[in-house]
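Everything on this sheet refers to the single structure shown next.
Protein chains: 2
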Amino acid sequence: MAPPGPVDLPIERQTVTSLTRDAIRDRILRGGYPAGQPLRQDAIAEQLGVSRIPVREALRLLEAEGLVTFNPHRGAVVSTLSPAEIEELFELRAEIEADLLVRAMPHMTPAHLARADDILDTYEASLARGQVAGWGSLNWKFHSALYAPAGRPVTMGVVHRLHQHCDRYARMQLALTHGEQRAITEHRNILVAIRRRNATRAAALLRRHILGAGQALVAFLNAQQGGAAHAAPASTRRRSRPS
Amino acid sequence: MAPPGPVDLPIERQTVTSLTRDAIRDRILRGGYPAGQPLRQDAIAEQLGVSRIPVREALRLLEAEGLVTFNPHRGAVVSTLSPAEIEELFELRAEIEADLLVRAMPHMTPAHLARADDILDTYEASLARGQVAGWGSLNWKFHSALYAPAGRPVTMGVVHRLHQHCDRYARMQLALTHGEQRAITEHRNILVAIRRRNATRAAALLRRHILGAGQALVAFLNAQQGGAAHAAPASTRRRSRPS
DNA sequence: GCCATGCATATTGTATCCAACCAAGGCCGC
DNA sequence: GCGGCCTTGGTTGGATACAATATGCATGGC
């Protein structure tokens, strides 16, 4: 029932489901959907100019990715993590990624390092222009470039997913507390340690880098929640009480 | 705001899609579908007595779970892992689970241990009756009971997924090489170390337990592939999506 | 006046139908 | 005889239509 008028987001021809999934995921990752508010399939479908079926399949994919949760017959909502869970996310990342880095370092070639440098340059240039949109992607590119020589595809997949979750929350914190500069500095320092073939130090720096970011994020979230307790603009928050 | 504690499950409202997903996953996990053979949607739909829509959504869920892979217009196949990837799976498990166990031990109460004992008894009884069907579930119950006191839900989710993948391959190996007895013995030994509050030893035993199972499985797979002239290279092509 | 019950509405879940696409096999040209 | 093109069958992808279910409100009883 879409009117022949121009739809909001023109989608190039690929499989509609995957495009829809990417579109919704992208919006979730940049906070386009308010947390806790149900994702109306009809609304999303009309907005993207597709039917409800691709939207449903995309939502199911995202459910399995952990970004949304389905309540039977009641709709899907953007899944939110508690500060404790976010902290756990970063701790798990620190654990796995430090191990990955140690495994990767013996196989690292100058080409790998050059590529990491390139990514960091792009990263920095992007931030200098104030583009926070591609931050998560570039951050992952850098980290994965560091771990790729380990040759551990399965672990990489797991870490990639963890990164996606982290980025969703890190985005808002970074923009407000200027953590980007710190991230760049820490990235450069890690690269220096790697160049010196100091695996222990590189892993320690990486661990500190990740844990520090996590703690900063959790502190930010707690402060935000404590300070502005209810920023809800007259959102009728009806909590059906199960008897 | 999500309630802090574990939410009580009122009634597991099963929708056809979720039932279909469980059915297909169950079949995949017990090797009901030959690896590499495409999963025909109509066939599965007719077999389960449902329409194709729930089958499609179930397959998409399983895709995101990593159990099947979609080729754009050519259907879905049961995703297979190379021996190297399987070995990596177990190594990753060993890493994460040992860490979980160390974190859990300080919070472990006699009740936790008793529950683990109960699970092991059930496990043993089940194996004595020759039931390998519920092996994966019981194995996960035991391991998760050990890690639950750590209070790390996110990590538990990750490990749960890794377990599912491992079980799929472990099932066949266990049935043929009588690894069950060894698993039980090792489980008991781990419990003994935990009871003695020897975290280091418990973690070491757990790590050996997991890595040993993985190595046995990989050896089994290699022997099988070498013995049988199955030229099927099982090219484990992962979908690489440029982002 | 308050609580329970029934109805209305909106949203999700499922089925059926049509189009797009890939793969294979036959046909024609060289 | 062989290779390329086209047709054809079959499968998946997507849209529309219908059924099931939960939520919210109104109404009636206590």
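Each protein sequence line maps, in turn, to chains A and B.
The opening residue of the first sequence carries number 64 in my numbering; numbering runs sequentially from there.
The opening residue of the second sequence carries number 64 in my numbering; numbering runs sequentially from there.
Each residue gets a CB set at the ideal place from its N, CA and C atoms; glycine is no exception.
Residue i versus residue j - alpha carbon distance
i        : j        : result
B/Thr78  : B/Thr132 : 23 Å
B/His170 : B/Asp162 : 14 Å
A/Thr218 : B/Gln100 : 26 Å
A/Ala286 : A/Ala279 : 10 Å
B/Ala127 : B/Tyr96  : 18 Å
B/Arg123 : B/Val255 : 42 Å
B/Arg234 : B/Phe205 : 16 Å
A/Ala106 : A/Gly94  : 17 Å
A/Leu144 : B/Thr240 : 42 Å
A/Gln288 : B/Asp184 : 46 Å
B/Glu154 : A/Ala157 : 17 Å
B/Leu111 : B/Gln104 : 11 Å
A/Gly220 : A/Cys229 : 14 Å
B/Arg215 : A/Pro146 : 12 Å
A/Ser114 : A/Gly129 : 23 Å
A/Arg192 : A/Tyr186 : 10 Å
B/Asp181 : A/Ala188 : 59 Å
A/Ala139 : A/Leu102 : 5 Å
A/Leu125 : A/Arg90  : 12 Å
A/Gln227 : B/Ser200 : 29 Å
A/Leu284 : B/Arg251 : 43 Å
Assumed close pair residue i, residue j - CB separation to whole angstroms, cut-off 8 Å
i        : j        : result
B/Arg271 : B/Ala213 : Their Cβ separation, rounded to whole angstroms, is 20 Å, which puts B/Arg271 and B/Ala213 out of contact at 8 Å.
A/Ala262 : A/Met168 : 5 Å
A/Glu243 : A/Leu190 : 5 Å
A/His223 : A/Trp203 : 7 Å
B/Leu225 : B/Leu152 : 6 Å
A/Glu150 : A/Gly277 : 6 Å
B/Ala208 : B/Ala179 : 5 Å
Contact under 8 Å by Cβ, residue i with residue j
i        : j        : result
A/Ile273 : A/Glu160 : yes
A/Leu164 : A/Tyr210 : yes
A/Glu120 : A/Thr80  : yes
A/Val281 : A/Leu237 : no
B/Pro117 : B/Thr83  : yes
A/Ala108 : A/Val141 : no
B/Ala265 : B/Ile257 : yes
Chain B contact residues for residue i, given Cβ-Cβ distances below 8 Å
i        : result
A/Leu124 : Arg123, Leu124, Glu126, Ala127
A/Val195 : Those within 8 Å of A/Val195 in chain B number zero; the least Cβ separation is about 17 Å.
Within chain A, the residues that residue i reaches when beta carbons sit closer than 7 Å
i        : result
B/Glu148 : Pro216, Val217
B/Pro212 : None at all; the shortest Cβ gap to chain A is about 14 Å.
B/Thr78  : Pro135
Residue i: contacting residues in chain A (beta-carbon distance under 8 Å)
i        : result
B/Glu158 : Glu158, Ile159, Asp162
B/Leu152 : Val217
B/Arg119 : Glu120
Contact set between residue i and chain B, taken where Cβ atoms lie within less than 7 Å
i        : result
A/Glu109 : Correct list: empty, because the minimum Cβ distance to chain B is about 20 Å.
A/Thr263 : Result: empty, since nearest Cβ-Cβ is about 17 Å, beyond 7 Å.
Interface partners of residue i on chain A, CB under 9 Å
i        : result
B/Glu249 : Within 9 Å Cβ-Cβ: nothing; B/Glu249 doesn't reach chain A, min ~23 Å.
Any non-hydrogen atom of the ligand ZN closer than 7 Å to residue i Cβ
i        : result
A/Ala196 : Ligands displayed in this structure: none; no statement on the ligand ZN is therefore possible.
Proximal residues of chain B, C-beta to C-beta of residue i below 9 Å
i        : result
A/Leu102 : Per Cβ cutoff of 9 Å: no residues; A/Leu102 is ~16 Å from chain B at best.
A/Ala131 : Note that residue 131 of chain A is Val in the sequence shown here, rather than Ala. Near A/Val131 there are no residues of chain B at all, since even the closest Cβ is about 11 Å away, more than 9 Å.
### beta strand (DSSP E) segments (min. 3 residues) lying fully within the region 124-211 of chain B
131-134, 138-141
### Task
Output the residue ranges of the beta strand (DSSP E) runs that lie fully inside the region 217-275 of chain A and measure 3 residues or longer, sorted by chain position.
none
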